[in-house]
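To start, the structure itself, in structure tokens.
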Amino acid sequence: RGSQCERRCPAFPMAQPAVSSKPLPVPGPIAGGFYFAAVTGVVLFRLAVKKYRLFPTVLALCLGLQISAMVVVPLGVLIIRWCGGLKSEAFSKEPFSPAWLPRRGTLAGIAVLAFLHHSAHSNLTALEIWQGAAALEALAFALLASKLAVGQSAAGISAQKLVLDALRLSCRLATSLWLDHRLPRNSGNDLVRACDACSLLLVCGLLFGIFVRFRSTYQAAADSLRAPVLALAALALALVLRVNIGGSYMPDVLFTLGLYLEVVSPLPQLRLAAVNGGVVDEATSHHLAAIFGSRLLALTFWWCIRTTWMKGTGFGGWLILLAGVSPLILLSHYMCFYLRECLNRSLFSGVPLVCDDG
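Each residue of the sequence shown is one higher than the last, beginning at -3 in our numbering.
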């Protein structure tokens, strides 16, 4: 009789097993610092080769690595052991392998990304790369829209991320229309604007579906990383540190705000995945991977036109480069899980992605 009552009375659903929250699938502070240092080293190596030629640069690099092997690495191990409560083992000669060091798979993935960056840089023009980045971003939002339309459910989609995306795309379109031909190397191209407008329309449609049509399926409690807080922090930083790209205060602030929102926009979706036990459904996993590819192409574009915006060693150009590298680093651990899942199964297997080392 009890089971019949449960079938007839949907107002009293059966209790679901609790989902244990997983850590956020992003690099930790030390791993993130390691990645930033690696990217900085590559950039400085490229600039040094251009200025001092190859042989002196390689010689200086070898000497620097030798000094690091003899002094910096042992000192770093000593400090880590001492601060980690292993004072008795601080001067031990036992092998040292902390868990935060990047794995071989991560390093291999970074090498593949470097190869893709070099291939795009060598075979495509800067404008074609920029158009590809905008088109890939529009495809990423189309994947989410198809999930919402076919699945009739907003579960697993972060509305807070979409709010940040709407603000970011609005800033980009406003800057493109405001500055027009003053943007470097025709980055305000008509095709790019059309792709950005399509992305913005898709985001608005997704927000309408989440908050109106499928509101009952939206995980409001789990989507806890609030967009207004991140947007206000990005705005405050844009008012203080802005890129002088158009020669006017307001367009420069909007352009810089769009850069900072690109950095923080994936965080709510990653937070929602962590709260759901590290599980990401298929469409959302492809969406994040497409966003990663779009950011990689955008970074390649800004690197291709670095003579326009870097202006020697001005901080505005380095700020653009830093804002382009940051989302790639934030999504690096997630992409390791994504690529591992694609290798173990097929690309469209229908199986949710699990961000777990176990």
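All residues carry an ideal CB built from backbone N, CA and C; glycine is no exception. As the structure is a computational prediction, the values presented were derived from the model and not from experiment.
Restricting to Cα atoms, I'd like to know which of Arg189, Gly274 and Leu293 is closest to Gly152. That would be Gly274, whose Cα lies nearest to the Cα of Gly152.
Quick one: give me the first and last residue of the alpha helix (DSSP H) that Leu233 is part of. Here the alpha helix (DSSP H) through Leu233 covers Ala223 to Val236.
With distances taken from CA atoms, which of Arg168, Asp352 and Cys200 is nearest Asp186? Nearest C-alpha to Asp186: Arg168.
Name the DSSP beta bridge partners of Val350, please? In the DSSP output, where bridge partners are listed per residue, Val350 has Val275.
Please identify the residue among Arg222, Gly205 and Leu144 whose C-alpha is closest to the C-alpha of Leu268. Nearest to Leu268 by alpha-carbon distance, out of Arg222, Gly205 and Leu144, is Arg222.
Distance check for Ser244 and Leu284, CA to CA, integer angstroms please. Distance between Leu284 and Ser244, taken at the CA atoms: about 34 Å.
Would you call the CB atoms of Ala130 and Val188 closer than 7 Å? Yes, they are a contact pair.
Nearest neighbour of Ala145, chosen from Phe204, Ala230, Leu266 and Leu335 [CA to CA]: For Ala145, the nearest C-alpha among the options comes from Phe204.
From this set, Val225, Ser115, Leu293 and Asn272, which residue's C-alpha is nearest Ser261's C-alpha? Minimum Cα-Cα distance from Ser261 among the listed residues Val225, Ser115, Leu293 and Asn272 corresponds to Val225.
Rounded to whole angstroms, how far is the Cβ of Pro264 from the Cβ of Lys157, which I believe are closer than 8 Å? Yes, they are in contact, since the Cβ atoms of Pro264 and Lys157 sit about 4 Å apart, within 8 Å.
With DSSP as the reference, label Glu337 as helix, strand or coil. Three-state result, Glu337: helix.
Do Leu202 and Val276 come within 7 Å of each other at the CB atom, strictly closer than that value? No; because the gap between Cβ atoms is not below 7 Å, this pair is not in contact.
Boundaries (first-last residue) of the alpha helix (DSSP H) holding Thr171: Where Thr171 is concerned, the enclosing alpha helix (DSSP H) stretches over Ala155 to Leu175.
Using C-beta distances below 7 Å, list every residue in its chain close to Cys194, excluding the 5 sequence neighbours before and after it, in chain order. So the qualifying residues of the chain are Ala134.
Could you check how far apart the C-beta atoms of Leu257 and Arg164 are, in whole angstroms? I think they sit under 8 Å. Indeed, because the Cβ distance is near 4 Å, the residues count as touching under 8 Å.
Under the assumption that Ala230 contacts Leu253 (Cβ atoms under 8 Å), give the Cβ distance between them as a whole number of angstroms. Indeed they touch by this definition, with Cβ atoms about 6 Å apart.
By the three-class DSSP mapping on this structure, what secondary structure does Asn119 have? Three-state DSSP puts Asn119 in a helix.
Among Leu237, Leu233, Ala155 and Trp174, which residue has its Cα nearest to the Cα of Ala217? Cα-wise, what sits closest to Ala217 is Ala155.
Any idea what DSSP makes of Tyr214, helix, strand or coil? Correct three-state label for Tyr214: coil.
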